[in-house]
Structures are given as C-alpha cells and as structure tokens.
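Add 19 to a position in the sequence shown, counting from 1, and you land on the number used in the numbering used here.
Worksheet for the structure shown next.
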Amino acid sequence: MIQFYNTLSGKLEPFNPITPVEIKLYTCGPTVYDYSHIGNCRAYIFEDLLKRFLIFKGYKVKHVMNITDVDDKTIKGANAEGIKLQEYTKKYIDTFFEDINVLNILKADFYPRATEHIQDMVKMIKGLLQKGYAYKKDGSVYFSIAKFPNYGQLSKINLEELKPGERIESDEYEKENVNDFALWKNKKEGEPFWETEIGAGRPGWHIECSVMSSKYLGQTFDIHCGGTDNIFPHHENEIAQSEAYSGKKFVNYWIHCHHLIVDGEKMSKSKGNFFTLRDLLNKNVNPSILRFLLLSTHYRKMLNFSFKALEQASASFQRIKDFLYELKNRSFEEGENEEIPLLIEEMNQNFTGGLNDDLNIAVALRAIFEMIRKVNILISQGKIYREDADKLVSSFNSLDEVLGVLHEEKEEMLPSEILKIIEEREKARKEKNYKLADQIRDELLRKGIVLEDTKDGVRWKRGKAKS
Ligand SMILES: [Zn+2]
Numbered sequence: 020m021i022q023f024y025n026t027l028s029g030k031l032e033p034f035n036p037i038t039p040v041e042i043k044l045y046t047c048g049p050t051v052y053d054y055s056h057i058g059n060c061r062a063y064i065f066e067d068l069l070k071r072f073l074i075f076k077g078y079k080v081k082h083v084m085n086i087t088d089v090d091d092k093t094i095k096g097a098n099a100e101g102i103k104l105q106e107y108t109k110k111y112i113d114t115f116f117e118d119i120n121v122l123n124i125l126k127a128d129f130y131p132r133a134t135e136h137i138q139d140m141v142k143m144i145k146g147l148l149q150k151g152y153a154y155k156k157d158g159s160v161y162f163s164i165a166k167f168p169n170y171g172q173l174s175k176i177n178l179e180e181l182k183p184g185e186r187i188e189s190d191e192y193e194k195e196n197v198n199d200f201a202l203w204k205n206k207k208e209g210e211p212f213w214e215t216e217i218g219a220g221r222p223g224w225h226i227e228c229s230v231m232s233s234k235y236l237g238q239t240f241d242i243h244c245g246g247t248d249n250i251f252p253h254h255e256n257e258i259a260q261s262e263a264y265s266g267k268k269f270v271n272y273w274i275h276c277h278h279l280i281v282d283g284e285k286m287s288k289s290k291g292n293f294f295t296l297r298d299l300l301n302k303n304v305n306p307s308i309l310r311f312l313l314l315s316t317h318y319r320k321m322l323n324f325s326f327k328a329l330e331q332a333s334a335s336f337q338r339i340k341d342f343l344y345e346l347k348n349r350s351f352e353e354g355e356n357e358e359i360p361l362l363i364e365e366m367n368q369n370f371t372g373g374l375n376d377d378l379n380i381a382v383a384l385r386a387i388f389e390m391i392r393k394v395n396i397l398i399s400q401g402k403i404y405r406e407d408a409d410k411l412v413s414s415f416n417s418l419d420e421v422l423g424v425l426h427e428e429k430e431e432m433l434p435s436e437i438l439k440i441i442e443e444r445e446k447a448r449k450e451k452n453y454k455l456a457d458q459i460r461d462e463l464l465r466k467g468i469v470l471e472d473t474k475d476g477v478r479w480k481r482g483k484a485k486s
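The following block contains the structure:
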C-alpha cells in the first residue's frame with residue numbers, strides 16, 4: 020500500500036487512484052523568465068521520483084506540466100530587455116528542456132503553454148461570471164472569494180480579517196493580502212494583450228493552471244504537485260476557480276515539496292548564494308550527483324544545499340558506482356550463491372517499503388547501501404560467483420528505474436551556450452584559423468569540457484577543469 024502526505028487533509032493518506040489504469044498527475048511548471056535554479060530542480064526531481072515510483076509500481080501515469088509563458092514576471096523581463104514576450108520566453112523554454120534532460124527527468128506527456136490556451140481560459144472565466152463567482156471591474160475580471168465558502172481549505176488561511184470586495188492585482192502576494200484575485204487583467208500600456216469576448220487583456224497566472232490541468236486530465240484528477248511556496252495563493256486559487264466552475268472536487272492528493280536553502284540561508288542573488296543548474300554545470304558538477312543529492316533528502320524536509328553536502332553525495336554515489344564496476348569487471352568463478360536471491364528480495368522489499376511510506380527515500384537508500392555492505396563482505400570471502408554478480412547488477416539497474424542516477428549510457432546534453440562555443444570552434448577550424456580554435460579548446464577545458472577531434476567530427480566528454 021502506498022501512502023502520501025496530503026496537504027489538503029494535513030495527514031498521511033492511503034493512495035487510491037480514481038482509476039488504477041492510469042494516474043493523472045499535474046505538476047506546476049516553470050515560469051519562463053529565468054534559468055532553472057537548484058530550488059526549481061529540487062521540485063522537478065521530487066516530482067520525477069514520485070512519477071517514476073508510480074510507474075515502478077505498475078501504474079501508467081499521464082503527466083501534464085504547464086509552461087507559464089505570460090504573467091507578471093515574463094512581461095517584466097521582456098520589457099526590461101525591450102524584446103517581444105515570445106522571443107524572451109523562447110530562450111528560457113529551450114533551456115528548461117535542456118535542464119530536465121541533463122537531470123534525467125522523464126518527459127511529461129503534455130507541456131501546454133499558457134499563450135496557446137487563451138480561448139480555453141476565456142471560456143472558464145465566462146463560466147465563472149455566469150455562475151456569479153466572478154465580477155468585472157475596470158475592464159478586469161476578479162474572483163470573489165466571499166462567494167466560495169471553502170476558500171482557504173488548502174492553505175488553512177484565516178479569512179476573518181478579509182475585507183470583502185477588496186482586490187489584488189498582482190499574480191503573487193502574501194497571506195496578509197488575501198483578497199479577490201484577478202482572473203483576467205485589463206489591457207495595459209506596454210503589456211501584450213488578446214482581444215476576447217471578455218475584453219482586451221491577458222490572463223492572471225492562477226487561471227492558467229486550472230484551465231490546462233482540466234483540459235488534459237479532466238475536472239477531477241489524482242495528484243497535483245508543486246513547491247510549498249505554491250500553496251498560497253496559487254493552489255488555493257486554482258481550487259477556488261476549478262471547483263466553482265465544475266462543481267466537482269478538483270484534486271484528490273496535493274503533494275508539496277519543501278524549500279531548498281543554501282548554506283543554511285535563503286537563496287538570493289544579493290547574498291551570492293544563488294545557483295542555477297547552469298552555474299553548477301559550469302563549476303563542473305556532475306548532474307547525476309546533483310540529482311542524487313537533491314533526491315536524497317525527504318521531499319517534505321528543508322534541503323540545505325552546500326558544496327560539502329555535494330561532496331558527501333558524491334562519495335555515496337561513487338560507492339554505488341564502484342560496487343557496480345567491481346561486479347561487472349572482476350573475474351568471478353562460474354556458479355551461484357543461493358543466498359543472493361534472498362538478499363536481493365530483501366533489498367527490493369525494503370526499498371519499495373520505504374518509498375511506499377510517503378516516499379521515504381532514506382529507508383530506500385539504506386536498503387541499497389546495506390546490500391553493498393553485505394555483498395562486499397561476501398566478495399572478500401570469495402562467496403560471489405559470476406551469476407550472482409549479473410543478478411546483482413540487474414537488480415540495481417531495476418531500482419535505478421526509480422532513482423535515475425546510474426545510467427551512464429544516456430548522452431548528456433550540454434548547455435546551449437557551450438554548444439555554441441563548440442560550433443564557433445568548428446567554424447574556426449574550417450576557416451583554418453587554428454589559433455582561435457586552440458584558444459576556444461582551452462576555454463572549454465577550463466570549463467571541464469574535453470574535446471576530441473575524430474574523423475567523424477568533434478566529440479566531447481567531461482573532464483577535470485584545468486586552469
Ligand atoms: Zn500552477
């Protein structure tokens with residue numbers, strides 16, 4: 020039996036999908052105004068662990084992740100650079116997909132974009148107006164939270180201080196500012212807008228997720244994930260909009276992952292402790308080790324990222340790699356030890372049992388390290404044979420379907436700016452500008468990218484960064 024902590028009830032609950040055939044999962048996706056930072060990566064990796072575990076347990080999972088390509092932040096970013104919204108967001112959409120690929124995150128089935136679902140949003144807003152949950156004011160449309168008695172059920176917010184009829188315009192706000200929120204924002208100077216039946220303007224952030232989740236997963240679905248910072252107001256507002264519109268329960272399980280801090284402090288650009296995934300890759304951090312670190316703290320605990328923690332994760336990760344290397348490459352005698360299938364069975368049970376219990380990753384990882392410890396003893400006693408080694412390798416590979424850290428075959432994607440540099444060097448070589456080509460090669464070497472010129476073209480691999 021699987022159980023998850025449901026933010027809605029504030030309790031651990033047995034997981035009962037609406038239909039066992041296919042689980043419907045929605046995860047709030049990136050707002051594409053910047054590169055993914057490691058806090059974002061933590062949330063994506065937690066969601067990936069959850070999804071991979073459900074698949075491992077035999078479920079099919081239909082996964083939708085939205086892309087917020089129009090909201091306050093993206094508009095502000097595009098205006099600051101003086102370029103069109105689409106041009107601005109494209110760069111961050113592309114890099115988002117590179118990032119999840121580098122982190123070995125399984126692809127969602129759908130990545131709907133807000134700007135491609137404006138008509139669907141208008142339809143829901145019209146429905147909310149008709150049902151009396153929404154009202155127009157100065158060309159914008161607001162959701163009237165006084166009309167929705169269950170408002171606050173997810174975030175357990177206290178509505179006593181609510182001043183009815185007061186409105187909030189911005190997409191993000193604190194609990195003290197709980198008020199009627201914008202579903203549709205009136206056309207403004209310097210903002211993109213759409214001409215629609217409810218007027219010229221653009222959608223608020225929250226309506227995007229209500230519309231895109233129900234469009235692909237139905238009006239009631241199994242699991243909705245995000246970071247704890249999404250609980251209020253984003254997810255609270257999603258529930259209000261969706262349930263007011265459909266008259267049905269929106270989501271059965273709300274599963275939220277905790278923040279990430281760096282060296283014990285909130286990550287912020289001004290403190291200099293703010294890291295994007297790209298920053299770490301440029302520091303030559305192995306993405307599999309980063310993934311291992313980010314998934315090895317339970318998702319409901321605060322994760323304190325530090326380079327020391329990364330080193331420790333690297334040592335644990337290396338222990339698994341060395342173990343598998345040994346099993347694959349040592350010459351064992353033919354034969355088998357009948358104790359091994361029992362040990363594998365025990366490991367699998369402890370691993371699965373841990374994850375069944377609200378994704379208790381510490382228990383799951385302990386099962387793996389315990390196995391390594393026991394088998395290493397058997398190896399030193401000469402009690403491991405060729406067949407045992409093969410069984411052990413395949414049992415680890417099977418558990419890695421959940422962890423997603425051991426696969427080395429998978430070709431890693433380089434960040435686009437590095438690919439661009441490689442292209443420049445190719446161009447220089449073609450033009451016989453070998454001096455420039457060598458300079459670029461050295462520059463890449465400093466970033467830990469080693470180039471090899473082969474007859475089939477240039478190849479790269481990660482190596483030690485040289486200064
Ligand atoms: Zn969302």
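Note that CB positions come from ideal geometry on N, CA and C, so glycine has one too.
Here the structure is a predicted model, which means the values were calculated and not measured.
When the alpha-carbon of Glu358 is set against those of Asp407, Glu352, Ser229 and Met321, the nearest one is in Asp407. Minimum Cα-Cα distance from Ala332 among the listed residues Asn348, Leu313 and Ala133 corresponds to Leu313. Cβ neighbours of Cys276 within its own chain (closer than 6 Å, five residues either side excluded): Ala62, Phe65, Gly246 and Tyr318. Here the C-alpha atom of Ser55 lies approximately 18 Å from the C-alpha atom of Leu438. Rounded to the nearest whole angstrom, the C-alpha separation of Ile274 and Glu262 is 18 Å.
The Cβ atoms of Gly223 and Lys206 lie no closer than 8 Å to each other. The three-state reading of DSSP puts Cys47 in coil, since its state is none of H, G, I, E or B.
At a cut-off of 7 Å, the beta-carbon of Cys276 does not count as near ligand 1: no heavy atom of the ligand is closer than that. In the structure shown, Leu346 adopts helical secondary structure according to DSSP, grouped into three states. Taking non-hydrogen atoms of ligand 1 into account, the C-beta of Asn85 is found less than 7 Å away from one of them. Rounded to whole angstroms, the Cβ separation of Lys70 and Leu44 is 6 Å, and the two are in contact under 8 Å.
If only complete runs of 4 or more residues are kept, the region 50-85 shows the alpha helix (DSSP H) at 57-75, in order along the chain.
Note that the C-beta distance between Tyr170 and Tyr161 is not below 8 Å. Put simply, the region 447-464 does not touch the region 96-113. Fewer than three CB pairs are less than 8 Å apart. For Ser159, the three-state secondary structure derived from DSSP is strand.
Sixteen is the threshold: since fewer than 16 other Cβ atoms of the shown chains lie within 10 Å of the Cβ of Tyr344, the residue is exposed. Relative to ligand 1, even the nearest heavy atom lies 7 Å or more away from the CB of His317.
Under a 10 Å Cβ-count criterion, Leu384 is classified as buried, with 16 or more other Cβ atoms of the shown protein chains found around its own Cβ.
Asn249: not part of any beta strand (DSSP E); DSSP gives it neither H nor E. About 6 Å separates the Cβ atoms of Glu352 and Tyr404, confirming a contact at the 8 Å cut-off.
If the five residues before and after Asn323 are omitted, its C-beta is found closer than 7 Å to the C-beta atoms of Ile280 and Gly283, all from its own chain and listed in chain order.
Beta-bridge partners of Trp203 (DSSP): Val160 and Pro222. Linking Tyr264 to Gly158 through their CA atoms gives a straight-line distance of about 21 Å. Within the same chain, Cβ atoms closer than 7 Å to the Cβ of Val230 are found at His136, Asp139, Met140 and Met143, the five residues on either side in sequence being excluded. Within a 10 Å sphere around the beta-carbon of Pro39 sit fewer than 16 other beta-carbons, which makes this residue exposed.
Relative to the non-hydrogen atoms of ligand 1, the Cβ of Cys228 comes within a distance shorter than 7 Å of at least one.
Contact between Asp118 and Leu296 holds, since their C-beta atoms are separated by about 5 Å, short of 8 Å.
By the 16-neighbour rule on beta-carbons within 10 angstroms, Glu255 is buried.
Unbroken beta strand (DSSP E) runs of no fewer than 3 residues, entirely contained in the region 97-185, are found at 153-156 and 159-162, following chain order. Phe370 is not bridged by DSSP to any residue.
Here Gln260 carries a helix assignment [DSSP, helix/strand/coil]. Distance check between Asp53 and each of Ser189, Lys267, Met321 and Phe293 places Phe293 closest, using alpha-carbon atoms only.
Judged by DSSP in its simplified three-state form, Gln337 adopts helix. Bounds of the beta strand (DSSP E) holding Ile468 are Ile468 to Thr473.
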